[in-house]
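A.B. asks: A single structure is presented below for examination.
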Amino acid sequence: MKPATAFLSLTCLLAACVKIDGGAVEISWVVRSKTGSAITDCGCASPKIAKVRLKLVGMGGAIDGATPCDGQAQCDFPCGRQTGATAFDIQETHGTERYAVSVVALGADGSELSEVMTPAPILREVVRGQPTEVESMQLVADCATECLMNSSGVCASP
412 MKPATAFLSL
422 TCLLAACVKI
432 DGGAVEISWV
442 VRSKTGSAIT
452 DCGCASPKIA
462 KVRLKLVGMG
472 GAIDGATPCD
482 GQAQCDFPCG
492 RQTGATAFDI
502 QETHGTERYA
512 VSVVALGADG
522 SELSEVMTPA
532 PILREVVRGQ
542 PTEVESMQLV
552 ADCATECLMN
562 SSGVCASP
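Take the sequence shown: its letter number 32 is residue 443 in my numbering, and every next letter is one higher.
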């Protein structure tokens, strides 16, 4: 193998590496109406949901009260994506330590939408180098008046 080819291959491999300074937290969500119908377009929720923010609060031991997602753009995800994951930089838990994992709906201006109901926090361990998966969370909002409930009972853009 030529030195230039070997160097290029090594560079590609190094660029694919993920820096690991802790564990990651992966979430997913769905948006439903108060009657249980799916809202497939986050813009059809009332109020419109632009992003979903992951909230983590440390419980117990050395992480008690820690909020690793506060002010971190990596914890805000476009609503329509319906999934998101942090980098591997969430401090790992030990023994009885846990993170309370929850989500908050955000408007286009970044403000929290208190009108959108979210589930209670779920306690999870975080392991270094591993993703911590959380069950799909359900956000509940009204169907916006400019959207229509189709024959399948889905609130969507006309």
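Using N, Cα and C, we set each Cβ at its ideal position, and we do this for glycine too. Only a predicted model underlies this, so the values are computations on that prediction, with no experimental measurement involved.
Report yes or no: do three or more beta-carbon pairs, one from the stretch 527-546 and one from the stretch 481-488, lie closer than 8 Å?
C.D. replies: no
A.B. asks: Between V565, G454, T446 and R464, which has its C-alpha nearest W440's C-alpha?
C.D. replies: R464
A.B. asks: Please identify the residue among S457, V551, L534 and S562 whose C-alpha is closest to the C-alpha of G586.
C.D. replies: Residue numbering for the chain in the displayed model covers 412 to 569; residue 586 lies beyond these limits and cannot be assessed.
A.B. asks: Which residue's Cα is closest to the Cα of V514: C480, T507, H505 and D500?
C.D. replies: Ranked by Cα distance from V514, the first of C480, T507, H505 and D500 is C480.
A.B. asks: Give me whichever residues DSSP pairs with F488 in a beta bridge.
C.D. replies: V463
A.B. asks: In the DSSP assignment, what are the bridge partners of S439?
C.D. replies: T494
A.B. asks: Using the C-alpha atoms, what's the distance from A461 back to S568?
C.D. replies: 15 Å
A.B. asks: Secondary structure at C423, three-state DSSP: helix, strand or coil?
C.D. replies: Because the pLDDT of C423 is 45, which lies under 50, any placement of that residue in the model is unreliable, and the number read from its coordinates should be weighed accordingly. In the structure shown, C423 sits in a helix (DSSP, three-state: H, G or I).
A.B. asks: Would you kindly work out how many angstroms separate the C-alpha atoms of E526 and C453, rounded to a whole number?
C.D. replies: 14 Å
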